[in-house]
Amino acid sequence: MLSLIYRELHLTRKTLVTCLLVYGLFALLTDLFALSMQVGNLAKYCSAEDLSAQLPMVPTAAIFGYFILLVTAPEAIFQVLGVDFKTPWLKYALSSPRTIREHIGAKYLAYLLMTGCAFLLGFLHLIIACALSGQGIPDGMLFLFFVSAMLVMMVSSIFLPIAYALQNMDFVNALFAIPVILLTLAYVLSAINFFIFTHHEDAEILDYVQHIFQKLQALTSAPFFNILKPLALLIAMLLIIGSYFLSVSILDKRRLIKGGTKGVTQKKGGNL
Amino acid sequence: MEAPAYENAIEIKDLTKRYDGFTLDHVSFNVPSGSIMGFIGQNGAGKTTTINSILGIIKKDEGTIKILGLDHEKQETEIKNQIAAVFDELPFAEDLNAKQLGKILRGVFPTWDEAIFQSYLDRFQLPSKKKFSQFSKGMKMKLQIASALSHHAKLLVMDEATTGLDPVVRNEFLDLFLEFIQEENHSILMSSHITSDLEKVADYVTFIDCGQILITGMKDEILDNHGVIKCSKADFAQIDPKDYVAARLTDFGAEVMVSDRHLASKNYSGLVLDKTTLEEIMLFYVSAGRNDHSKTFSTIS
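From first to last, the protein sequence lines stand for chains S and L. Under my numbering, the first residue of the first sequence carries the number 341, and numbering increases by one thereafter. Under my numbering, the first residue of the second sequence carries the number 110, and numbering increases by one thereafter.
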């Protein structure tokens, strides 16, 4: 199983390195901005009130960077799946002594490993950035980081079995873009809400955005959500486990249908 | 050397697999232990479906398969530890190199032998740090064969592995297969429509067409038993249809495939009776089958 996980991680290394470089640059800019609040130009030329208004930008930027890492993990796995479907790898895998469960399990474990690393790296950077800006970690940040990871994992757990069922990564990638765009929008709106409306009550242009957020805040304060919050990890884990067994079942069932996976189905006019 | 505990490396009985528009219909044949079986058929005949069933890539609808004396379903993992599959396309991601592949396959096959793998890489002159995307088709196939022979497999199953390769490389592989078969308990099942390769190395051949087995048996026996009578159309009219498999009528005469050459030489002693090739046998059997079983077909010369 370790060698299969190695395969997954190795085939995603370009995506992961690119992501880390982009994230690193973003994190560096965030840290420089945070540092300037203590010892840089912001500290020199801004009033205490203005500085205080800028503070929330630091954790907000940290969340953005964290989101880049989180979304890269499933994309990386989809990339490997694309390679699996284009080559006869699945055919080879099915004829090897390793079971379907082990092959698919390696994919899920690699994904969980990447997500876990994204969480640790993202949260570490948050601590550093907040420290540099001379503020503590805002209340609820750890929970926000945690819930973000759970949300992305929940969405990915839906798409992995779909990928195995369709074996068309172009379609899956297009479909996956929808929740990614929605989540990105949510982050952008939360950032706007965070530091425009918290500290600039007279901003009229985004009154509509504030209205949406007030509605969302009311919803998430409801008793139902208060129960759900601590269960987020459990729900995410159950979804991932369910997704794994569904993927195994789908790949196994395809053995009963047209020659198994796409790598083995009848090519038009080709060998049977 | 210890003799194997089984007579046949592969035993297939009444193997049936149904698809829309195609059925592998009660296919039965055996691959004797220690031999090379050539599995011949044109595109769409059912070779890959049969091989996929043997390898456990698809699940059969009916029939039984025994591999190396073991039950195909109940002892699946044990079987897969001892067989190696080679496909017509490289199954490994092109972003990998041979060194990385060795690391991956070490975890896939419990009997993986890195030393043997490296020796094959050296023998085939395959660079261990070059990405597979930069390999030629021949190099990719050499890599597949190297990986197949590096985990002490007893049975090699190849699906059109030599298709598209130049004669020099194909010849190299044929020598390798003969080398593999030197071990008493090693066997090979290779599907191909390059019959000349099979004539060189195969001990047994099985012909398949439209999901059904046409002939199976020892290659030399099949070649010895079959022959082609070349005669005029007038002479052809005198030949009893029961005595031939199929006949090809041309503008100049007739070519008649017989399945008992020795009997035909007695019954039709005045006619020219030539030895035949596996390719001709396949063509005649397949063509006859496609012509509403009338046993004669025409070619325009």
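The beta-carbon is built from N, C-alpha and C at its ideal position, and this holds for glycine as well.
Which residues bound the beta strand (DSSP E) around P141/L? In the DSSP assignment, P141/L falls within the beta strand (DSSP E) that extends over 131-141.
Can you tell me the Cα-Cα spacing of H260/L and S142/L, whole angstroms? Answer to the nearest angstrom: the Cα atoms are 19 Å apart.
What span of residues does the beta strand (DSSP E) with A363/L cover, start to end? Start and end: 363-367.
To which residues of the same chain is I545/S closer than 8 Å at the C-beta, ignoring the five residues directly before and after it? Below a pLDDT of 50, predicted positions are generally treated as unreliable, and I545/S, at 49, falls in that range; the measurement from the model is reported next regardless. Non-local beta-carbon contacts of I545/S in its own chain, meaning distances under 8 Å to residues more than five positions away in sequence, are absent.
Could you work out which residue in L591/S, M494/S, P414/S is closest to I575/S when comparing CA atoms only? Checking every option, the nearest Cα to that of I575/S belongs to M494/S.
For P200/L, count neighbouring C-beta atoms within 10 Å of its own C-beta (all shown protein chains included) and say buried if the count is 16 or more, exposed if not. Buried, since its Cβ has 16 or more Cβ neighbours within 10 Å.
Should I518/S be labelled buried (16 or more other beta-carbon atoms within 10 Å of its own) or exposed? Within 10 angstroms of the beta-carbon of I518/S lie fewer than 16 other beta-carbons, which makes it exposed.
From which residue to which residue does the beta strand (DSSP E) around A194/L run? Element bounds for A194/L: 192-195.
What residue range is occupied by the uninterrupted beta strand (DSSP E) comprising D123/L? 117-128 is the extent of the beta strand (DSSP E) around D123/L.
Can you look up G462/S in the DSSP assignment and give me helix, strand or coil? In this structure, G462/S counts as helix in the three-state DSSP scheme.
Helix, strand or coil: which one does DSSP assign to I354/S? Contrary to the premise, residue 354/S reads as Lys rather than Ile in this sequence. Helix at K354/S.
Measuring alpha carbon to alpha carbon, tell me which of L214/L, Q253/L, F218/L, I290/L ends up nearest L230/L. Of the candidates L214/L, Q253/L, F218/L, I290/L, Q253/L places its Cα closest to the Cα of L230/L.
Check whether the stretch 163-174 of chain L touches the stretch 417-437 of chain S, counting contact only when three or more Cβ pairs, one atom from each stretch, lie closer than 8 Å. Taking 8 Å as the limit for Cβ pairs, the verdict is that the stretch 417-437 of chain S does touch the stretch 163-174 of chain L.
How should K351/L be labelled, buried or exposed, when 16 other C-beta atoms within 10 angstroms of its C-beta is the threshold for buried? Result: exposed.
Short of 7 Å Cβ to Cβ, which residues in the stretch 423-449 of chain S face chain L? Cβ proximity to chain L below 7 Å picks out V423, T427, P428, W429, K431, Y432, L434, S435, S436, P437, R438 from the stretch 423-449 of chain S.
Looking only at its own chain, which residues have a Cβ that is under 6 Å from the Cβ of G422/S, when we skip the five neighbours before and after it? The beta carbon of G422/S sits closer than 6 Å to those of M509, all from its chain and outside the five residues before and after it, given in chain order.
How many Å lie between N152/L and I322/L at the Cα? Those two C-alpha atoms are separated by around 14 Å.
From the DSSP output, in three-state form, read off K238/L for me. DSSP, read as helix, strand or coil, puts K238/L in coil.
To be precise: take each residue of the stretch 162-173 of chain L, compare its Cβ to all Cβ atoms of chain S, and keep it if any distance is under 7 Å. Which residues remain? Within the stretch 162-173 of chain L, contact with chain S at the beta-carbon level (separation under 7 Å) is assigned to L164, G165, I166, I167, K168.
Inter-stretch contact (C-beta, 8 Å, three-pair minimum) for the stretch 348-362 of chain S and the stretch 412-421 of chain S: Short answer: they touch.
For the stretch 215-231 of chain L against the stretch 257-277 of chain L, do three or more pairs of beta-carbon atoms, one drawn from each stretch, fall closer than 8 Å, so that the two count as touching? These segments touch.
Sub-8 Å separation of A311/L and G150/L beta-carbons: Not a contact, by the Cβ cut-off of 8 Å.
Three-state secondary structure (DSSP) of N513/S: Note: N513/S maps to helix in three-state DSSP.
Are Q265/L and M248/L close, meaning C-beta to C-beta below 8 Å? For the sequence presented, residue 265/L should be read as Leu rather than Gln. Contact flag unset, no.
For the putative contact between V140/L and L298/L, defined by C-beta atoms under 8 Å, what is the C-beta separation to the nearest angstrom? The Cβ separation is near 5 Å, so the contact holds.
Using beta carbons (cut-off 8 Å, strictly below), is Y584/S in contact with chain L? No, no contact with chain L.
With a CB to CB cut of under 8 Å and the five nearest residues on each side skipped, what residues in its chain are close to T412/S? Once the five neighbours on either side are set aside, the close Cβ partners of T412/S are T355, L356, C359, M454, A458.
S343/S touches chain L at which residues, Cβ-Cβ below 7 Å? In chain order: K212, I213, R215, G216, V217.
Short CB-CB distance (under 8 Å) between L351/S and chain L: Answer yes: the Cβ-Cβ gap between L351/S and chain L drops below 8 Å somewhere.
Does the CB of Q209/L have a neighbour CB from chain S at under 8 Å? By this cut-off, Q209/L is an interface position.
Determine the direct distance from the alpha carbon of H181/L to that of T173/L, and round the result to whole angstroms. Using only the alpha carbons, I get a separation of about 8 Å.
So L179/L contacts chain A; which residues on that side make the cut at Cβ distance below 8 Å? The structure shown contains no chain A; the protein chains it does contain are S and L.
Nearest-angstrom Cα distance between T158/L and F218/L? Their Cα atoms are separated by approximately 24 Å.
Mind pulling the beta strand (DSSP E) runs of 3 or more residues that sit fully within the stretch 238-326 of chain L? Within the stretch 238-326 of chain L, the beta strand (DSSP E) runs of at least 3 residues that lie entirely inside it are, in chain order, 264-268, 296-301, 313-318.
Taking the Cβ atom as the reference point for each residue, do S296/L and A118/L lie within a distance shorter than 8 Å? Yes. Within cutoff.
To the nearest angstrom, report how far apart A526/S and G216/L are at their CA atoms. Cα to Cα, the separation comes out at about 42 Å.
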